[in-house]
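First to last, the protein sequences are chains A and B.
Each step along the first sequence adds one to the number in our numbering, with nothing skipped, and position 51 is 493.
Each step along the second sequence adds one to the number in our numbering, with nothing skipped, and position 254 is 696.
Encoded as structure tokens, the structure appears first; notes follow it.
2 protein chains.
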Amino acid sequence: MKTTKKILLPENEMPEAWYNIVADMPNKPLPPLHPGTKQPINPSELEAIFGKELVKQEISTERWIEIPDEVRDLYRIYRPTPLVRASGLEKALDTPAKIYFKNESVSPVGSHKLNSAIPQAYYNKIQGIKHLTTETGAGQWGCALSVACQHFGLDLKVYMVKVSYEQKPYRKSIMQTFGAQVIPSPSNTTEAGRKILAQDPNCSGSLGIAISEAVEAAIMQPDTRYTLGSVLNHVILHQTIIGLEAEKQMQMVGDYPDVVIGCFGGGSNFSGITFPFLRHKLTGGKDIKLIAAEPASCPKLTRGTFQYDFGDTVGMTPLLPMYTLGHDFQPADIHAGGLRYHGAGTLVSQLHKDGLVDAVAIKQLDTFAAGILFARSEGIIPAPESTHAIAAAIEEALKAKVEGKEKTILFNLSGHGLIDMTAYDKYNSGEMTNFEVTDDYIKETVGRLEKILK
Amino acid sequence: MKTTKKILLPENEMPEAWYNIVADMPNKPLPPLHPGTKQPINPSELEAIFGKELVKQEISTERWIEIPDEVRDLYRIYRPTPLVRASGLEKALDTPAKIYFKNESVSPVGSHKLNSAIPQAYYNKIQGIKHLTTETGAGQWGCALSVACQHFGLDLKVYMVKVSYEQKPYRKSIMQTFGAQVIPSPSNTTEAGRKILAQDPNCSGSLGIAISEAVEAAIMQPDTRYTLGSVLNHVILHQTIIGLEAEKQMQMVGDYPDVVIGCFGGGSNFSGITFPFLRHKLTGGKDIKLIAAEPASCPKLTRGTFQYDFGDTVGMTPLLPMYTLGHDFQPADIHAGGLRYHGAGTLVSQLHKDGLVDAVAIKQLDTFAAGILFARSEGIIPAPESTHAIAAAIEEALKAKVEGKEKTILFNLSGHGLIDMTAYDKYNSGEMTNFEVTDDYIKETVGRLEKILK
């Protein structure tokens, strides 16, 4: 037998605490602002929207936050996930680099989103909350949350962007199978939805509108809270279990990464795989490069501006300090639905500003070329989102080849693409295109934001 | 922490040989017959259709057959698969029984089929074969074989039943992504297909027609062989890795099953999980009950007759001794496409005749009720096929509860249902029905078979 293919961590070695990078950041993140007063928001105001313990985590500066037993218990359905030596991909690239990937696609709904869905449902449950609301675009987050709510006996309402509801029926069906109520957004169940439908009865929806509806639905009903699957600090915190496990698994084979890569939407899977490694750079001076791989059509880190901005399109949420393209930036309709978000989470934004996180922007056709190469060499069809990380890893591996350098590359396979085959069809049939974003359009959307903030 | 949820076998403990139950069967299986002469067929005649080494395995009486390193290497992408304690399901049923399942759904294309696809591609490759052909219904086998052929550099042509090709586009796209050519059957690429299209240009196809096309395509092209994903002895042999791993994993937690259950189509996943346990009954007298869970709408084991029959609808293949409903039996259009086959493989048929394998027939609505309960208690949406095994396991667990008995139940989760959500939609919306098979219809199809054989 050759070197181990899958490095498996025993269940009893699953990390017992999440890592909160705020404790080690050289420059602490700026506070969220109230959307009306534009003054730092009071945590108690956030508790009207989010579970109490989650708000506590959102502003915590503690380095380690214990993972409750009930959460660890449910994590065990799929965690620890395998760390895999991408020996097939290495061979296909004929590179001296060693490539590893953390396989989060083994989660029962196929992505890393369950890592935060479980604790979010749990903390709301023990607080006595009965109902949760959320929004979902492509559906990965909604699926994960429906599994978690079903387990903890919470009622769940998911506002799903109408065009996805109609075009991606599988994830809708998965949510329903786990007992969630899925509502195509815009809907007439909220004031926000009704207003939009009155203006445009055929509106196909957007993530921004769905967020507005989900937040409103949470505020208007007793014993109800809203939940979000990315961007926020407490979501990032929960996702660090990915990197903490990977670190132990790397130790098991006596290796350590020179480069750690994740695809980048709002930051949840990227931060999850990279922050535990970054901590050794921050605290022990260990050198490491982190690469956020974002879509060229939604280039917030590589071409956005560091600025306070809203989380939603309408401008209802608190203002967060972020690299942003402007909250009314309309990303092209790429197949990596999970990466179509206008801003980067606060923590990644601050770290990127401080030169601790690198970013690359990758064109859609290049991501699918990478995805196909990965599928054919490793046997797994990656999610369109994850192909961004794969493309960046391939670029690093080819660089190592040119330089004749040994290098250890780690990336996160955030999910599988088995329910995204229409995207692969488009690519295979030659009908897929790239999307360009002009500087003028970015100037326009950021300009509007700056006007609002003045 | 509670008892271990997932029992993981280290890669280096993966079994090094498959188990061939023929060596231990009290009554050896009857030989296949030539469809024309109705005399025992000469193995060399089979080599025109199947790879040489696979024919050797088909008729072997050796107890252990070594797994080649190249096959084990590729198995490591997903094997060893986890053995999982179904603690959530136990709790939901409030049963004193311990329930375990072997999770074959972690395979990258979502089912156990890769266990035989890999060695079939490998043995053909080292023989110098360049092209493989096969048929697929729902697409699980075609997907698995496309992964294996891609890896070994074999060209693959898959005849996919036309109605599935049109209605289940995801699995078609998966095969194409791995480089396979997928042809809707009946097609005009074969004599058999052209004949059928001439009679009925709108024919939506059947597994029987697709087999005829794939066999013809293999015979007519040089350096080409045909492959099959179930029924045959060599396929069963490869699948025994499931049970051999499960046996080691049971040992790791100091347990042993009283009952082992698999869903039943042609026999590949059922035999794979059960035969390694049955061997201890055959050789050491260890008591154990094996249950084949078949659909009530295709009840070959519970209501069929033990008889020589053809493998395809047209009557081109060798005659095999099997429990059968007659080769022109038309099963109802249930969602468990992989279980819609008229006959049981030779080995299971002989063992069922000898009272060593039990069978139950389960109605479609009951299988989906079991599937939903499993999804909600274990977090995994099972394939429609696998829900049959789950329903049988639940029945055993409830029996144990009534009897107040501790009992250890093991079943095979042959695949996940993430690409079968339209079936769950039908169930969730109340549109799904059961299908009854009348005794008269079975008498009719078996009667036609008996007339042919006279």
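Using N, Cα and C, we set each Cβ at its ideal position, and we do this for glycine too.
Just so we're clear, the structure is a prediction, and the values are computed from it rather than from any experiment.
Answer with buried or exposed for B/G595, where buried requires no fewer than 16 other C-beta atoms within 10 angstroms of its C-beta.
-> Residue mapping note: residue 595 of chain B aligns to position 153 of the second sequence, counting from 1. Exposed: under 16 other Cβ atoms inside 10 Å.
For my contact list, B/A586 and B/A559 are in at a C-beta cut-off of 8 Å; report their separation, rounded to the angstrom.
-> Numbered from its first residue, the second sequence carries residue 586 of chain B at position 144. Numbered from its first residue, the second sequence carries residue 559 of chain B at position 117. Contact holds; Cβ gap of about 4 Å.
Using a Cβ-Cβ cut-off of 6 Å (strictly less than) and excluding sequence neighbours within five positions of B/H830, which residues of its own chain qualify?
-> In the second sequence, residue 830 of chain B corresponds to position 388, counting from 1. Excluding residues within five positions, the ones whose Cβ falls inside 6 Å are C705, A735, I804 and T809.
Counted within 10 angstroms of its Cβ, other Cβ atoms place B/M443 as buried (16 or more) or exposed | On the second sequence, residue 443 of chain B is found 1 positions in, with the first residue counted as 1. With a pLDDT of 44 at B/M443, under the threshold of 50, the modelled position of that residue is not reliable, and the figure given next carries that caveat. So B/M443 ends up on the exposed side.
Sort out for me which residues DSSP pairs B/W506 with in a bridge.
-> For the purposes of this step, residue 506 of chain B is taken as the residue at position 64 of the second sequence. Looking at the DSSP assignment, B/W506 forms a beta bridge with B/Y461.
Would you report the Cα separation of A/A778 and B/K498, rounded to the nearest angstrom?
-> Taking the first residue of the first sequence as position 1, residue 778 of chain A is located at position 336. Taking the first residue of the second sequence as position 1, residue 498 of chain B is located at position 56. Using only the alpha carbons, I get a separation of about 47 Å.
Is it buried or exposed for B/M662, if we count other Cβ within 10 angstroms and need 16 for buried?
-> Here residue 662 of chain B refers to the residue found at position 220 when the second sequence is read from its first residue. By the neighbour-count rule (16 or more Cβ atoms within 10 Å), B/M662 is not buried but exposed.
Distance between A/R514 and A/K847 (C-alpha atoms, nearest Å) | For the purposes of this step, residue 847 of chain A is taken as residue 405 along the first sequence, with counting starting at 1. For the purposes of this step, residue 514 of chain A is taken as residue 72 along the first sequence, with counting starting at 1. The straight-line gap from Cα to Cα measures roughly 39 Å.
DSSP three-state assignment for B/V603, whether helix, strand or coil = Looking up residue 603 of chain B in the second sequence gives position 161. Three-state result, B/V603: strand.
Beta carbon of A/M764, beta carbon of A/A786: below 7 Å?
-> Residue mapping note: residue 764 of chain A aligns to position 322 of the first sequence, counting from 1. Residue mapping note: residue 786 of chain A aligns to position 344 of the first sequence, counting from 1. Yes; because the gap between Cβ atoms is below 7 Å, this pair is in contact.
Beta-carbon of B/M758 versus every beta-carbon of chain A: anything under 7 Å?
-> For the purposes of this step, residue 758 of chain B is identified with residue 316 of the second sequence, where counting begins at 1. It does not: the Cβ of B/M758 has no partner Cβ on chain A nearer than 7 Å.
Chain A contacts made by the stretch 594–620 of chain B, where a contact means CB separation under 9 Å = P611, Y612, R613, K614, S615, I616, Q618, T619 and F620
Quick one: what's got a C-beta closer than 6 Å to B/N711's C-beta in the same chain, skipping five residues either side?
-> The residue you call residue 711 of chain B lines up with position 269 of the second sequence. The residues are H554, G704, N854 and S856.
Within 7 Å, strictly: CB atoms of B/A640 and B/T576 = Along the second sequence, one-based indexing puts residue 640 of chain B at 198. Along the second sequence, one-based indexing puts residue 576 of chain B at 134. Taking 7 Å as the Cβ cut-off, B/A640 and B/T576 do not qualify as a contacting pair.
In the stretch 444–469 of chain A, which residues sit with their C-beta less than 8 Å from some C-beta in chain B, listed in chain order?
-> K444, T446, K447, K448, L450, P452, E453 and N454
Closer than 7 Å, CB to CB, is B/V589 near chain A or not?
-> For this step, residue 589 of chain B is matched to residue 147 along the second sequence. B/V589 counts as touching chain A.
Can you check whether the CB of A/P664 is closer than 7 Å to the CB of A/C645?
-> On the first sequence, position 203 is the one that residue 645 of chain A refers to. On the first sequence, position 222 is the one that residue 664 of chain A refers to. No, the Cβ-Cβ distance between A/C645 and A/P664 is not below 7 Å.
Per-residue DSSP class, three states only, for A/E489 = Position 47 of the first sequence, counted from the start, is the residue given in the question as residue 489 of chain A. Three-state DSSP puts A/E489 in coil, outside helix and strand.
Would you check if the stretch 513–528 of chain B and the stretch 541–548 of chain B touch, i.e. whether three or more CB-CB distances between them fall below 8 Å?
-> yes
Going by other Cβ atoms of all chains shown within 10 Å of its Cβ, with 16 needed for buried, is A/P718 buried or exposed?
-> Within the first sequence, numbered from 1, the residue matching residue 718 of chain A stands at position 276. Its Cβ being crowded by 16 or more others within 10 Å, A/P718 is buried.
Residues in its own chain within less than 7 Å of A/E827 by CB, not counting five upstream and five downstream?
-> Looking up residue 827 of chain A in the first sequence gives position 385. Contacts found: C705, G707, A778, G780, L781, S856 and G857.
Identity of the residues DSSP links to A/D800 by a beta bridge = The count along the first sequence starts at 1 and reaches residue 800 of chain A at position 358. A/I733.
Pick helix, strand or coil for B/H573, following the three-state DSSP scheme.
-> Counted from its first residue, the second sequence places residue 573 of chain B at position 131. Here B/H573 sits in strand by DSSP.
Compute the Euclidean distance between the alpha carbons of B/E633 and A/N630, then round it to the nearest angstrom.
-> Here residue 633 of chain B refers to the residue found at position 191 of the second sequence. Here residue 630 of chain A refers to the residue found at position 188 of the first sequence. Between B/E633 and A/N630, the C-alpha separation is close to 57 Å.
Contact list for B/R505 against chain A, beta-carbon separation under 8 Å | Translated into the one-based positions of the second sequence, residue 505 of chain B becomes position 63. Within chain A, no residue comes near B/R505; the closest Cβ sits about 23 Å away, beyond 8 Å.
Kindly say whether A/Y866, judged by its beta-carbon, lies nearer than 7 Å to any beta-carbon of chain B.
-> By one-based count along the first sequence, residue 866 of chain A stands at place 424. So, interface residue.
Check the Cβ of A/I541 against every Cβ in chain B and list those closer than 8 Å, keeping chain order.
-> By one-based count along the first sequence, residue 541 of chain A stands at place 99. Per Cβ cutoff of 8 Å: no residues; A/I541 is ~15 Å from chain B at best.
Are there three or more Cβ pairs, one per stretch, closer than 8 Å when the stretch 743–754 of chain B is compared with the stretch 806–826 of chain B?
-> no
Taking the alpha-carbon positions, what's the B/P474 to A/A817 distance?
-> For the purposes of this step, residue 474 of chain B is taken as residue 32 along the second sequence, with counting starting at 1. For the purposes of this step, residue 817 of chain A is taken as residue 375 along the first sequence, with counting starting at 1. Taking the straight line joining both Cα atoms gives about 39 Å.
Which chain B residues sit within Cβ distance under 8 Å of A/V548?
-> As a working mapping, residue 548 of chain A is identified with position 106 in the first sequence. The answer, in chain order, is V548.
What in chain C is Cβ-close to A/G671, meaning under 7 Å?
-> Checking the listed chains, one finds no chain C in this structure; the protein chains it contains are A and B.
Per DSSP, what kind of secondary structure is A/D775 in: helix, strand or coil?
-> Start at 1 with the first residue of the first sequence, and residue 775 of chain A comes out as number 333. A/D775 falls in the coil class under three-state DSSP.
By Cβ distance below 6 Å, which residues in the same chain neighbour B/W506 in space, the five residues on each side in sequence not counted?
-> Indexing the second sequence from 1 puts residue 506 of chain B at position 64. Once the five neighbours on either side are set aside, the close Cβ partners of B/W506 are A459.
Could you tell me whether any Cβ in chain A is nearer than 7 Å to the Cβ of B/I560?
-> By one-based count along the second sequence, residue 560 of chain B stands at place 118. Chain A contact via Cβ: absent.
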